[in-house]
Amino acid sequence: MLGLSTQMAALVFLALVTPICIWVVYTDLKYMKIRNSAILALLAVFALAGPFLLPLDVWAWRWSHFAVVLAVGFVLNMIAHFGAGDAKFAAAAAPFFAREPGDITVIVMLLSAFLLGAFATHRIARTIPALRTMAPDWVSWTRKDFPMGLALVGTLWTYLLIVALAA
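Residue numbering for the sequence shown follows the working numbering, beginning at 666 and increasing consecutively.
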């Protein structure tokens, strides 16, 4: 471990996951798919950088977050029309979230805000002809379901930013 503060570790994670997050948002909007390669890249960032950025016991314990969220996502996929890519992305993102007192409240509030905001923004944006002309081949413009990767990415990215900027 490099002996970094929690804030510095979150900042490094934020820098490492940002390109993956951009990729996920783009592919979810364009194809309504979150690629397995993006999910594996996110897991690789945690697997390879985590032992250097976090205490080893914390890094190892956070893998349980992956397992729990993957199991819940699998069930939601089967019974609630929750996308498989969304479930896998949520599971791959789960180890980046700490389990500190109060964090679960922040995470739920962030996810709720991003779900509502992303849904409303996407639904409004797809009614604007100029925007649809800029990206005419985006599958998400015409599908009834919602590219939830927008909300999941926003939650992960913002959570890491909040931790990085914490005093």
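We treat Cβ as the ideally placed atom computed from N, Cα and C, and that holds for glycine.
| Asked | Found |
| --- | --- |
| Going straight from the alpha carbon of P766 to that of H787, what length do you get? | 33 angstroms |
| Hey, how far is the Cα of R700 from the Cα of A831? | 32 angstroms |
| What are the start and end residues of the alpha helix (DSSP H) that includes T770? | 768-790 |
| With a threshold of 8 angstroms, are at least 3 pairs of Cβ atoms found where one atom belongs to the region 708-727 and the other to the region 747-765? | yes |
| Could you tell me the alpha carbon to alpha carbon distance between W688 and L707, rounded to whole angstroms? | 11 angstroms |
| Touch check for the region 793-810 and the region 731-739: three-plus C-beta pairs under 8 angstroms? | no |
| With R727 as the anchor, note down where its alpha helix (DSSP H) starts and where it stops. | 721-744 |
| To the nearest whole angstrom, what separates the beta carbons of A703 and I685, a pair I think is in contact under 8 angstroms? | 6 angstroms |
| Under 8 angstroms Cβ to Cβ from A714, same chain only, skipping five residues before and after it: list those, please. | V677, F678, L681 |
| Counting only the same chain and skipping the five closest in sequence on each side, list residues whose C-beta sits under 6 angstroms from that of L705. | none |
| Which whole-angstrom value describes the C-beta separation of F779 and A757, a residue pair presumed to lie in contact below a C-beta threshold of 8 angstroms? | About 17 angstroms separates the two Cβ atoms, so there is no contact after all. |
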